[in-house]
Each structure stands twice: as C-alpha cells, then as structure tokens.
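Asks: Using our numbering, the letters of the sequence shown map in sequence onto residues 4 to 303.
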Amino acid sequence: MDQTDWKLLKILQQEKSMVKAAERLFISQPAISYRLTRMENEFGQSLFVRSNRGVEMTSAGQRLYSFANLMIQYDDEIHHAVCHMGSALSGSIRLGTTEPMFEYFLASQLKDFNTKYPNIKVFVHIAHTPELQRLVQTGELLMCTIRGKRPEGGHTIQIFEEPLVIISPEPITEEMMMTRPLLRNLPGTTAIQLIDEWVNSHFPTPPPASPISVAGTSRDAVKLVKVGLGWSVIPASRFHETTDHLYWKPIYHSDGTPYRYQTYLHYTDEAAHFDTYMAYAGHLQEFFSHLELPQTADMP
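#1: Contact defined as beta carbons within less than 8 Å: I believe I254 pairs with I169. What is the distance between those atoms, to the nearest angstrom?
#2: Cutting at 6 Å between CB atoms, please list the residues of its own chain near P174, excluding the five before and the five after it.
#3: Kindly indicate which residue of F277, E200, Q265 and D199 has the alpha-carbon position closest to the one of A239.
#4: Where does F126 fall in DSSP's three states?
#5: Decide if the segment 210-220 is in contact with the segment 132-152; the criterion is three or more beta carbon pairs, one per stretch, under 8 Å apart.
#6: Look at the alpha carbon of V228 and the alpha carbon of F108, and state the distance between them as a whole number of angstroms.
#7: Given a threshold of 16 other Cβ atoms within 10 Å of its Cβ, counted over all protein chains shown, does V58 qualify as buried or as exposed?
#8: According to DSSP, is V217 helix, strand or coil?
#9: Tell me the start and end of each unbroken alpha helix (DSSP H) in the segment 9-85 that is at least 4 residues and wholly inside, in chain order.
#10: Among residues of its own chain, excluding the 5 on either side of Q16, which ones have a beta-carbon nearer than 6 Å to its beta-carbon?
#11: If I'm right that D247 touches V225 with Cβ under 8 Å, what's the distance once you round it to whole angstroms?
#12: Can you say whether G259 is buried or exposed, counting buried as having 16 or more other CB atoms within 10 angstroms of its CB?
#13: Exposed or buried, which one is E135 when buried takes at least 16 other CB atoms within 10 Å?
#14: Please identify the residue among T7, Q161, Y280 and Y120 whose C-alpha is closest to the C-alpha of L39.
#15: Tell me which residues share the same chain as G219 and place their Cβ nearer than 8 Å to its Cβ, disregarding the 5 neighbours each side in the sequence.
#16: With W251 as the anchor, note down where its alpha helix (DSSP H) starts and where it stops.
#17: With distances taken between CB atoms, is the gap from H128 to G156 smaller than 8 Å?
#18: Tell me the rounded alpha-carbon separation between H115 and L73.
#19: D5 to G94, Cα distance in whole Å?
#20: Here's the rule I'm using: 16 or more other beta-carbon atoms within 10 Å means buried, otherwise exposed. How should G285 be labelled?
#21: Measure the Cβ-Cβ separation of Y283 and I96 and say whether it is below 8 Å.
#22: Restricting to Cα atoms, I'd like to know which of Q140, F206 and F163 is closest to G151.
#23: In whole angstroms, what separates the C-alpha of E165 from that of T245?
#24: CA-CA distance, G231 and T61?
#25: Look at Y262 and H256 and say whether their C-beta atoms are less than 8 Å apart.
#26: To the nearest whole angstrom, what separates the beta carbons of R153 and W234, a pair I think is in contact under 8 Å?
#27: Considering only the beta carbon of each residue, do E18 and A24 sit closer than 8 Å?
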C-alpha cells in the first residue's frame with residue numbers, strides 16, 4: 004500500500020463514495036476500484052461492501068483504516084528526514100484540544116513552540132474531551148489534551164491541576180446556595196462528576212436545579228451567572244476575577260482537601276516514536292512549568 008491508498012481509506016470513511024474519492028484524489032473511478040481490489044487481495048480479507056448506497060468498510064476494513072493517519076504521518080516523517088537531514092527538527096503533528104484549552108493556554112504556547120521549532124507544522128483539531136478520546140482510540144489523532152479523568156492506555160502526562168470554585172453574583176452562603184438555582188453543564192462534560200460528588204456530599208438535600216443547562220464551555224456558565232440566573236461551579240482558570248465581577252470560593256472534600264481538576268497531555272505509543280511529537284510534549288511541559296495558575300491556597 005502507498006500513501007494514495009491510505010488517503011483513499013480516509014476519504015471513503017468520510018464520503019462513502021467512489022465518485023467523490025475519485026474527484027478528491029484526481030484519479031479515475033476504475034483506478035479507485037482497482038486499488039480497493041488490490042488491498043483486499045493483499046490482506047486476503049473482505050475490506051469493503053459495495054452497494055447502491057456507496058462503499059462501507061467491513062470490520063477488517065475498519066481495522067485497516069485505523070492505521071491510515073499513522074501511515075500518512077510516517078510517510079511525512081520519512082520525507083522530512085530524507086530532505087532535511089542534518090537540519091533543524093522538522094515534520095508535522097496533529098494535536099487535539101478543547102476550545103477553552105486552546106483559547107486560554109495553547110494559542111500562546113503554540114506561538115512559543117513555533118519560534119523554537121519553525122519547521123514543525125502543527126494541525127490543531129478542536130473538540131470536546133469525549134470526542135478527542137474517540138479520535139485517539141480510532142487512530143485519527145496521536146496526541147491530545149484531556150481534562151478530568153485520566154485516560155487509560157498510551158502515555159499520559161499531567162500538565163497542571165486547578166481548583167474548582169463556586170461563582171455567584173451575590174455573596175456565597177449556605178442559604179444562598181440552597182435557595183438559588185445551581186447552573187450545571189449537561190452530562191458528559193468532564194467536570195460534572197466531581198461537581199455532583201461535591202453537591203451530594205455537601206448538601207442534605209439538593210439545591211434548586213436551574214431550568215437552563217449548558218452543553219458548552221465553563222465560560223458559558225459564567226455568562227449565565229453574570230446575568231443573575233443562579234450560581235455555578237467551574238475550574239478556577241475559567242474565572243476572571245478582574246473582569247467577571249463575581250463572588251467566588253473553592254469547594255472542598257469532607258476531609259478539608261480542595262477539589263482539583265486535572266488537565267493531561269495524552270499520546271499514543273505510535274506518537275512516542277516521532278521526534279516531532281516528543282518535542283511538542285517536552286515543550287508543553289516546560290511551558291506550563293513556568294505558567295502561574297490559580298491555587299486554592301491563594302484563594303479566600
């Protein structure tokens with residue numbers, strides 16, 4: 004198989020159409036059919052199901068597809084290694100991250116990374132954490148940032164941790180929290196389990212639930228709190244003390260230790276073989292080691 008075959012697999016996964024694959028690869032439909040047959044003969048497996056609805060991959064085809072991004076990456080690295088031998092580190096990486104992580108931290112980090120490694124191209128894919136985890140599992144991403152629960156498998160580096168804090172448009176008291184609505188993110192967002200654990204252990208009966216839920220970022224919850232729709236619990240880095248003009252305080256476990264929310268850099272075994280990915284991992288760790296983040300000890 005060559006790089007065109009791997010690109011063909013990616014396009015068929017997206018389009019399910021030999022016609023569109025031919026258009027995007029600038030080759031004829033008979034050439035597409037020939038390549039599909041050649042793949043099946045090479046592996047001795049039925050990889051594709053052709054019908055009036057298009058082309059679907061069998062289970063074996065899906066397993067082959069899971070290697071597509073990796074093999075394209077390998078081809079790129081080989082090309083750069085041959086063409087830039089003896090020069091500065093070069094190549095490309097695909098990084099997955101969440102929108103808040105990109106906005107608050109990675110935009111600045113990527114600028115610094117580009118200054119240090121100008122010959123490494125970085126393609127950033129922005130999505131929610133569950134989607135990023137799925138893309139890593141399917142091989143479409145080799146590296147991403149993950150917030151909340153530490154993922155299994157591969158390699159995981161804790162980048163930083165931060166407190167979870169209550170934010171409110173009025174002074175934070177037990178009476179306020181028991182009488183004003185609690186604004187929550189919808190299930191599936193990564194901090195919700197920690198917040199639910201705190202709510203269940205802290206209150207004898209649950210606070211009033213807000214009729215409004217947010218399936219966005221923590222900053223969306225801040226916007227709702229600022230207009231007086233209730234109070235919420237968010238990661239401290241999402242709260243801007245000087246501009247949000249809200250009351251805030253950390254939340255604690257029953258033993259007095261603060262609730263902390265972790266952010267990790269996660270990468271696959273395959274990524275560990277690329278100097279470009281390892282250069283990025285090292286730079287990200289160094290960047291956050293010099294970054295001042297909110298700490299519970301610094302909060303009232």
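Backbone N, C-alpha and C fix where the C-beta goes; we use that ideal spot for every residue, glycine too. Every value quoted in this text rests on a predicted model; they were computed, and no experiment measured them.
Replies: The answer reads as follows:
#1: Taking the first residue of the sequence shown as 1, we reach residue 254 at position 251. Taking the first residue of the sequence shown as 1, we reach residue 169 at position 166. With a Cβ gap of about 6 Å, I254 and I169 count as contacting.
#2: Counting from one through the sequence shown, the residue named residue 174 turns up at place 171. Cβ neighbours of P174 beyond the five flanking positions: Y250.
#3: For the purposes of this step, residue 239 is identified with residue 236 of the sequence shown, where counting begins at 1. The candidate whose alpha carbon is nearest that of A239 is Q265.
#4: Start at 1 with the first residue of the sequence shown, and residue 126 comes out as number 123. F126: strand per DSSP, three-state reduction.
#5: no
#6: The residue you call residue 228 lines up with position 225 of the sequence shown. The residue you call residue 108 lines up with position 105 of the sequence shown. When rounded, the distance between both Cα atoms is 24 Å.
#7: Counting from 1 along the sequence shown, the entry for residue 58 is found at position 55. Answer is buried; the Cβ neighbour count reaches 16.
#8: Counting from one through the sequence shown, the residue named residue 217 turns up at place 214. Three-state DSSP puts V217 in a strand.
#9: 21-28, 32-46 and 62-68
#10: For the purposes of this step, residue 16 is identified with residue 13 of the sequence shown, where counting begins at 1. So the list reads Y68, once near-sequence residues are dropped.
#11: Against the sequence shown, residue 247 aligns to sequence position 244. Against the sequence shown, residue 225 aligns to sequence position 222. With 8 Å as the limit, D247 and V225 qualify as a contact, their Cβ atoms being about 6 Å apart.
#12: Locating residue 259 in the sequence shown gives position 256, where the first residue counts as 1. By the 10 Å Cβ count, G259 comes out exposed.
#13: Here residue 135 refers to the residue found at position 132 when the sequence shown is read from its first residue. Note on residue identity: the sequence assigns Leu, not Glu, to residue 135. The residue is buried, with at least 16 neighbouring Cβ atoms inside 10 Å.
#14: Counting from 1 along the sequence shown, the entry for residue 39 is found at position 36. Checking every option, the nearest Cα to that of L39 belongs to T7.
#15: Position 216 of the sequence shown, counted from the first residue, corresponds to residue 219. Once the five neighbours on either side are set aside, the close Cβ partners of G219 are N188.
#16: What you label residue 251 is simply residue 248 of the sequence shown in a count that begins at 1. Run containing W251: none in the alpha helix (DSSP H); it sits in the beta strand (DSSP E), Y250 to P253.
#17: As a working mapping, residue 128 is identified with position 125 in the sequence shown. As a working mapping, residue 156 is identified with position 153 in the sequence shown. No.
#18: One-based indexing of the sequence shown puts residue 115 at position 112. One-based indexing of the sequence shown puts residue 73 at position 70. Correcting the residue type first, residue 115 is Asp in the shown sequence and not His. The straight-line gap from Cα to Cα measures roughly 26 Å.
#19: The residue labelled residue 5 in the question sits at position 2 within the sequence shown. The residue labelled residue 94 in the question sits at position 91 within the sequence shown. Spanning the two alpha carbons is a distance of roughly 19 Å.
#20: Taking the first residue of the sequence shown as 1, we reach residue 285 at position 282. Burial call: exposed.
#21: For the purposes of this step, residue 283 is taken as residue 280 along the sequence shown, with counting starting at 1. For the purposes of this step, residue 96 is taken as residue 93 along the sequence shown, with counting starting at 1. Going by C-beta atoms, Y283 is nearer than 8 Å to I96.
#22: Position 148 of the sequence shown, counting from 1, holds the residue named residue 151. When only C-alpha atoms are compared, the closest one is F163.
#23: To locate residue 165, count along the sequence shown from 1; it is residue 162. To locate residue 245, count along the sequence shown from 1; it is residue 242. Approximately 18 Å, taken between the alpha carbons.
#24: As a position in the sequence shown, residue 231 is number 228, starting the count at 1. As a position in the sequence shown, residue 61 is number 58, starting the count at 1. If you take the alpha carbons of G231 and T61, they lie about 52 Å apart.
#25: As a first step, residue 262 must be located in the sequence shown, where it is residue number 259. As a first step, residue 256 must be located in the sequence shown, where it is residue number 253. The answer is yes: Cβ separation under 8 Å.
#26: Translated into positions along the sequence shown, residue 153 becomes position 150. Translated into positions along the sequence shown, residue 234 becomes position 231. About 28 Å; that fails the 8 Å criterion.
#27: For this step, residue 18 is matched to residue 15 along the sequence shown. For this step, residue 24 is matched to residue 21 along the sequence shown. For E18 and A24, yes; Cβs fall inside 8 Å.
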